[in-house]
Amino acid sequence: MQLPADFREFIELMICWNVEFVMIGGYAYNLYLNPRTTGDIDFFVKSDFETKCDCEKFLWNLALGR
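The end of the sequence shown is residue 70 by the numbering used here, with every number in the run present.
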């Protein structure tokens, strides 16, 4: 399964900002079973203080176009 470029870039940026996450929802489903159409991608972000801070920095920088 090939992720769209913008989804792949978003994931690469989360990794660069040390955001701990797992992919859930339709794209995760498609890795294991027959693909189904989906127009979005879903994540579950680790719920601890350090990841919260990394995620906030990531989202602020994403919003500012850095």
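Quick reminder that beta carbons are idealized off the backbone N, C-alpha and C, glycines included.
Taking C-beta atoms as the reference points, D46 and G29 count as a pair closer than 7 Å. A direct Cα-to-Cα measurement between K61 and W21 gives close to 8 Å. In the three-state reduction of the DSSP assignment, D52 falls in the coil class. DSSP places D46 in the strand class (E or B) of the three-state scheme.
For V26, DSSP records a beta bridge to F48.
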